[in-house]
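Student: I'd like to ask you about the structure that follows.
Protein chains: 2
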Amino acid sequence: MKARLISYGALHRFTSEAFQSVGMSETDATTGADVLATTDAWGVFTHGTKSLAGYLRRLKAGGIRPQGHPRIVAEGGGWATVDGDSSLGMVASVFAMQTAISKARQQGIAYVGVRNSCHFGAAGYYTWLAAREGLIGIAMANDIPSVAAPGSRGAVTGSNPLAYAVPAGKRRPMFLDISTATVAGGKVYAAKARGEPIPDNWIIGADGRPTADPSGFPQVGALLPMAGHKGYGLSLLIETLSGILSGAAVTWGIRSWAHDDATLHTLHGSAFLAINVNCIAPLDEFARKVDALIDEIHNSPRADGVERLLIPGELEWERHDRAMREGIVLPVDVVESLERAVEGTGLNLDWSN
Amino acid sequence: MKARLISYGALHRFTSEAFQSVGMSETDATTGADVLATTDAWGVFTHGTKSLAGYLRRLKAGGIRPQGHPRIVAEGGGWATVDGDSSLGMVASVFAMQTAISKARQQGIAYVGVRNSCHFGAAGYYTWLAAREGLIGIAMANDIPSVAAPGSRGAVTGSNPLAYAVPAGKRRPMFLDISTATVAGGKVYAAKARGEPIPDNWIIGADGRPTADPSGFPQVGALLPMAGHKGYGLSLLIETLSGILSGAAVTWGIRSWAHDDATLHTLHGSAFLAINVNCIAPLDEFARKVDALIDEIHNSPRADGVERLLIPGELEWERHDRAMREGIVLPVDVVESLERAVEGTGLNLDWSN
Chain A
1390 MKARLISYGA LHRFTSEAFQ SVGMSETDAT TGADVLATTD AWGVFTHGTK
1440 SLAGYLRRLK AGGIRPQGHP RIVAEGGGWA TVDGDSSLGM VASVFAMQTA
1490 ISKARQQGIA YVGVRNSCHF GAAGYYTWLA AREGLIGIAM ANDIPSVAAP
1540 GSRGAVTGSN PLAYAVPAGK RRPMFLDIST ATVAGGKVYA AKARGEPIPD
1590 NWIIGADGRP TADPSGFPQV GALLPMAGHK GYGLSLLIET LSGILSGAAV
1640 TWGIRSWAHD DATLHTLHGS AFLAINVNCI APLDEFARKV DALIDEIHNS
1690 PRADGVERLL IPGELEWERH DRAMREGIVL PVDVVESLER AVEGTGLNLD
1740 WSN
Chain B
1390 MKARLISYGA LHRFTSEAFQ SVGMSETDAT TGADVLATTD AWGVFTHGTK
1440 SLAGYLRRLK AGGIRPQGHP RIVAEGGGWA TVDGDSSLGM VASVFAMQTA
1490 ISKARQQGIA YVGVRNSCHF GAAGYYTWLA AREGLIGIAM ANDIPSVAAP
1540 GSRGAVTGSN PLAYAVPAGK RRPMFLDIST ATVAGGKVYA AKARGEPIPD
1590 NWIIGADGRP TADPSGFPQV GALLPMAGHK GYGLSLLIET LSGILSGAAV
1640 TWGIRSWAHD DATLHTLHGS AFLAINVNCI APLDEFARKV DALIDEIHNS
1690 PRADGVERLL IPGELEWERH DRAMREGIVL PVDVVESLER AVEGTGLNLD
1740 WSN
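For the record, the sequence lines run as chains A and B.
For the first sequence, the positions run 1390 to 1742 when our numbering is used.
For the second sequence, the positions run 1390 to 1742 when our numbering is used.
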């Protein structure tokens, strides 16, 4: 198998049909397809339609409820708690960010915590929902432990992602989506598959010490937190806002959406913040200042051999715009995963776009 | 000169008297002393009374206004913009966090941006004001550029600090206060003074490439962002919330509180968020869960040779409690700086207790 070109439209249509084939409504299936196909368009292939096969498996087994219906279970002026009803993580998360946007329009800022969610894919997608309407969006989630604390022998926290989007004027939003681990587990798996060593600040081994040998991962050892105690500290704030404050599961109480019994709910938590710029400062003035900051960075002196200085999200937006014009070149691992997703469904992947 | 022991009370009294000696009210001087002496009690000596001499110099020259009076210039349900009136950064920041706490009590969450502030010392102090009242506090600020972007030849953003505090039950609050640079500039200065090389991921040199040679810093080169593009990205979110949204200066528009003309205002921006746990989830239940998370980490397996796993802030609280019982051992650089602050003021540093 090899990398294949597909149009955004064809990929979106297939993804939506796949979700509908396991009992999701057209509306919810479209939401799921919006998130996954946009993520692929950004070039973030680790978190896009590559995960579709896994979500479908869980939707069929009941661990994700195809008819799950996220709802607000408690709320106040600037906050809400959403019960995701074990729906697809994308459905619960879009509902939650829309709730945050709506409340922030009134109060200037809002927090929405979600419990009974599942893996929500790329955190950045939800922040963009806010930024495209002129709000600053922040999103985060907890996950099964895979990351060490400084000095621990094994995993203590999840790779707890954090994302934001800041609306600009003529420029595209500043846009960051990171995990609080030093590196994605996928990079360790890839090196292990190639039989290659890794930098010695990526993981710890069986003795809890940093190692360049990926062969035991993930059965022994764990990822290292980004920037040591700093990433560890940030992951605990994310755990607090996503898991504890929302009433979701935390750390070892969460199940793996990919590996644990597919009939069981994963109990993930997540949190969404929206800040309505236009409440606080005139949006056009704010946007001009963001543009000016972007231009200032673009025009800053560069190190020898460096062609350009990038704004967070700039590469993703360039890939996105190219993908919308020319289609998305799906890497071979995504193609393989989509072919697996199709098996036995009667669905067809339209590579001809 | 050598390290010296001083009681918290004596250090606080001296700091307050020093602020009053340059025209600050007793109330504002007490606020300044609260922040600086507590910071020393936490053992964060880089951001405590070591800076007093510099603040006094600026207060005398007018770059910080001794009678500056921070006030809310615009507000809504969950937000406010504060004009710091170029008062001492601690005075503006305590006012701003108290405003955020008050609004979060009503709405669940609040954002307060501050313009016309100055260097605010340790960001963590303000988050603790929230946590000790049962709220989650988050604080951040911008600063003069000292940190590179990935690929830049010089500084692009400030070391833009980020802090949080999360209230616990029987345990002390989880508490993190970090800069978004890989390392504090002070560590580079110290290696330079000792004529020692530094790890090659701390700074860039004149060509914009990482270097282990600190001799040219800070005239050439810049600090590297923590975790590369991740720290760079976070620093731009902090710049947005602290500088752009508040209407403060950003990047090169900010002046150095320590080195620039002391008659000029520094125009720093900062931002404070408070989340009122008890609006969203029963505080005792939340606190029990935070305690459980802390206990879980404490009981996690440790790497060979590691005696304990630390919670963010745990060391600071242990130092704090010891400092309150036994006094604070001020390092020699702080003692020197305080002796300098005393010169010509007629004030006395009471080392006797």
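We put the beta carbon where it would ideally sit given N, CA and C, even for glycine.
How long is the line joining the alpha carbons of Ala1469(A) and His1657(A), rounded to whole angstroms?
Tutor: Here the question's residue 1469(A) lines up with position 80 in the first sequence. Here the question's residue 1657(A) lines up with position 268 in the first sequence. Straight-line Cα distance between these residues: approximately 17 Å.
Student: First and last residue of the beta strand (DSSP E) that includes Asn1667(B)?
Tutor: Here residue 1667(B) corresponds to residue number 278 of the second sequence, with the count starting at 1. Where Asn1667(B) is concerned, there is no enclosing beta strand (DSSP E), although the alpha helix (DSSP H) it sits in stretches over Val1666 to Ile1669.
Student: For Asp1589(A), I'd like the list of residues in its chain whose CB is within less than 7 Å of its CB, leaving aside the five on either flank, ordered along the chain.
Tutor: The residue given as residue 1589(A) occupies position 200 in the first sequence. Pro1599, Thr1600 and Ala1601, listed in sequence order.
Student: Based on Cα-Cα distance, which residue from Val1424(A), Ile1498(A), Gly1502(A) and Leu1448(A) lies nearest to Ile1461(A)?
Tutor: Walking along the first sequence from the start, residue 1461(A) turns up at place 72. Nearest of Val1424(A), Ile1498(A), Gly1502(A) and Leu1448(A) to Ile1461(A), Cα basis: Gly1502(A).
Student: Between Thr1420(B) and Asp1417(A), what straight-line distance do the alpha-carbon atoms span, to the nearest angstrom?
Tutor: Taking the second sequence and counting its residues from 1, the one referred to as residue 1420(B) is at position 31. Taking the first sequence and counting its residues from 1, the one referred to as residue 1417(A) is at position 28. Taking the straight line joining both Cα atoms gives about 53 Å.
Student: Tell me, please, which residues DSSP counts as bridged to Val1503(B).
Tutor: Residue 1503(B) sits at position 114 when you count from the first residue of the second sequence. Beta-bridge pairing links Val1503(B) to Val1471(B) and Ser1659(B).
Student: Going by the beta-carbon positions, is the gap between Gly1620(B) and Thr1652(B) smaller than 7 Å?
Tutor: Along the second sequence, one-based indexing puts residue 1620(B) at 231. Along the second sequence, one-based indexing puts residue 1652(B) at 263. Cβ distance not < 7 Å, so Gly1620(B) and Thr1652(B) don't count as in contact.
Student: Could you tell me which whole beta strand (DSSP E) segments of length 3 or greater appear in the stretch 1669 to 1724 of chain A?
Tutor: Counting whole runs of 3 or more residues, the stretch 1669 to 1724 of chain A contains the beta strand (DSSP E) stretches 1717 to 1719.
Student: Taking C-alpha atoms, which residue in Ala1647(B), Lys1391(B), Arg1504(B) and Ala1611(B) lies nearest to Ala1450(B)?
Tutor: Here residue 1450(B) refers to the residue found at position 61 when the second sequence is read from its first residue. When only C-alpha atoms are compared, the closest one is Ala1647(B).
Student: Arg1504(A) to Ala1638(A), Cα distance in whole Å?
Tutor: Indexing the first sequence from 1 puts residue 1504(A) at position 115. Indexing the first sequence from 1 puts residue 1638(A) at position 249. Cα to Cα, the separation comes out at about 8 Å.
Student: Assuming the contact rule is C-beta atoms closer than 8 Å, Thr1546(A) and Leu1625(A) should be a hit. Round their C-beta distance to whole Å, please.
Tutor: One-based indexing of the first sequence puts residue 1546(A) at position 157. One-based indexing of the first sequence puts residue 1625(A) at position 236. With 8 Å as the limit, Thr1546(A) and Leu1625(A) qualify as a contact, their Cβ atoms being about 7 Å apart.
Student: Label Met1486(B) either buried or exposed according to how many other C-beta atoms from any shown protein chain fall within 10 Å of its C-beta, with 16 as the threshold for buried.
Tutor: Stepping through the second sequence from its first residue, residue 1486(B) is reached at position 97. Buried, by the Cβ-count rule.
Student: Per DSSP, what are the beta-bridge partners of Ser1541(B) in this structure?
Tutor: Numbered from its first residue, the second sequence carries residue 1541(B) at position 152. DSSP, once it has assigned bridges, lists Arg1691(A) as partnering Ser1541(B).
Student: What number of angstroms, rounded off, separates the C-alpha of Leu1613(A) from the C-alpha of Ala1538(A)?
Tutor: Here residue 1613(A) refers to the residue found at position 224 of the first sequence. Here residue 1538(A) refers to the residue found at position 149 of the first sequence. Looking at the two C-alpha atoms, the distance is approximately 7 Å.
Student: Please determine, among Pro1534(B), Lys1391(B), Pro1690(B) and Leu1704(B), the residue with the shortest C-alpha to C-alpha distance to Gly1610(A).
Tutor: Residue numbering aside, residue 1610(A) sits at position 221 when the first sequence is read from its first letter. Nearest option by C-alpha distance: Pro1690(B).
Student: When you compare the CB positions of Phe1509(B) and Gly1478(B), do they come within less than 7 Å of one another, or not?
Tutor: Along the second sequence, one-based indexing puts residue 1509(B) at 120. Along the second sequence, one-based indexing puts residue 1478(B) at 89. Result yes, Cβ atoms of Phe1509(B) and Gly1478(B) sit closer than 7 Å.
Student: Whole angstroms are fine: how far does the CA of Leu1699(B) sit from the CA of Ala1692(B)?
Tutor: The residue labelled residue 1692(B) in the question sits at position 303 within the second sequence. The residue labelled residue 1699(B) in the question sits at position 310 within the second sequence. Those two C-alpha atoms are separated by around 13 Å.
Student: Can you tell which of Gly1597(B), Ala1595(B), Trp1591(B) and Leu1630(B) has its C-alpha closest to the C-alpha of Met1615(B)?
Tutor: As a first step, residue 1615(B) must be located in the second sequence, where it is residue number 226. It is Trp1591(B) whose Cα lies nearest to the Cα of Met1615(B).
Student: Counting only C-beta atoms, is Tyr1553(B) closer than 7 Å to chain A at any point?
Tutor: For this step, residue 1553(B) is matched to residue 164 along the second sequence. Yes, Tyr1553(B) counts as interfacial toward chain A.
Student: Would you say Trp1431(A) faces chain B, with C-beta separation under 7 Å as the test?
Tutor: Taking the first residue of the first sequence as position 1, residue 1431(A) is located at position 42. No, no contact with chain B.
Student: Show which residues of chain B have a CB atom less than 8 Å away from the CB atom of Pro1701(A).
Tutor: Indexing the first sequence from 1 puts residue 1701(A) at position 312. Those within 8 Å of Pro1701(A) in chain B are His1618, Tyr1621, Gly1622 and Leu1625.
Student: Against Lys1678(A), what residues of chain B qualify as contacts under a CB-to-CB distance less than 8 Å, listed in chain order?
Tutor: Reading the first sequence from its first residue, position 289 is the one you call residue 1678(A). Those within 8 Å of Lys1678(A) in chain B are Ile1633 and Val1639.
Student: Who are the neighbours of Thr1470(A) on chain B, taking C-beta pairs under 7 Å?
Tutor: For the purposes of this step, residue 1470(A) is taken as residue 81 along the first sequence, with counting starting at 1. Ile1669, listed in chain order.
Student: Helix or strand or just coil, what does DSSP make of Leu1394(B)?
Tutor: Along the second sequence, read from residue 1 onward, the residue named residue 1394(B) stands at position 5. Strand, per DSSP.
Student: Closer than 8 Å by beta-carbon distance: list the chain A residues that pair up with Pro1690(B), in chain order.
Tutor: Reading the second sequence from its first residue, position 301 is the one you call residue 1690(B). Chain A residues near Pro1690(B): Ser1541, Arg1542, Gly1543 and Gly1597.
Student: Once DSSP output is grouped into helix, strand and coil, what is the label at Met1563(A)?
Tutor: Taking the first sequence and counting its residues from 1, the one referred to as residue 1563(A) is at position 174. Strand at Met1563(A).
Student: How close, in whole Å, do the beta carbons of Arg1677(A) and Gly1597(A) come, if the pair is a contact with beta carbons under 8 Å?
Tutor: As a position in the first sequence, residue 1677(A) is number 288, starting the count at 1. As a position in the first sequence, residue 1597(A) is number 208, starting the count at 1. Actually they do not touch by this definition, with Cβ atoms about 50 Å apart.
Student: In the DSSP assignment, find the unbroken alpha helix (DSSP H) run with Ala1573(B) in it and report its ends.
Tutor: Along the second sequence, one-based indexing puts residue 1573(B) at 184. Unbroken run through Ala1573(B): none, as it is neither H nor E.
Student: Using a beta-carbon distance below 7 Å, is Ile1686(A) in contact with chain B?
Tutor: Position 297 of the first sequence, counted from the start, is the residue given in the question as residue 1686(A). So, interface residue.
Student: Have a look at Leu1518(A), Gly1513(A) and Pro1607(A) and flag the residue whose alpha-carbon is nearest the alpha-carbon of Pro1534(A).
Tutor: Working through the first sequence from its first residue, we reach residue 1534(A) at position 145. Ranking the options by Cα distance to Pro1534(A), first place goes to Pro1607(A).
Student: Which whole-angstrom value describes the C-beta separation of Ser1548(A) and Tyr1515(A), a residue pair presumed to lie in contact below a C-beta threshold of 8 Å?
Tutor: By one-based count along the first sequence, residue 1548(A) stands at place 159. By one-based count along the first sequence, residue 1515(A) stands at place 126. With 8 Å as the limit, Ser1548(A) and Tyr1515(A) do not qualify as a contact, their Cβ atoms being about 17 Å apart.
Student: Just list the alpha helix (DSSP H) runs in the stretch 1409 to 1452 of chain B, keeping only unbroken ones of 4 residues or longer that don't cross its boundaries, in chain order.
Tutor: Runs found: 1415 to 1430 and 1441 to 1450.
Student: Whose CA, out of Glu1732(B), Val1433(B) and Leu1400(B), lies closest to the CA of Leu1445(B)?
Tutor: Counted from its first residue, the second sequence places residue 1445(B) at position 56. Closest by alpha carbon: Glu1732(B).
Student: Flag this pair as touching only if the stretch 1549 to 1560 of chain A and the stretch 1514 to 1530 of chain A have three or more C-beta atom pairs under 8 Å; answer yes or no.
Tutor: Contact holds: three or more Cβ-Cβ distances are below 8 Å.
Student: In the DSSP assignment, find the unbroken alpha helix (DSSP H) run with Arg1454(B) in it and report its ends.
Tutor: If you number the second sequence from 1, residue 1454(B) lands on position 65. Note, Arg1454(B): premise wrong, no alpha helix (DSSP H); not H, not E.
Student: Can you tell which of Tyr1397(B), Val1424(B), Glu1685(B) and Arg1447(B) has its C-alpha closest to the C-alpha of Asp1650(B)?
Tutor: Taking the first residue of the second sequence as 1, we reach residue 1650(B) at position 261. Minimum Cα distance to Asp1650(B) is reached at Arg1447(B).
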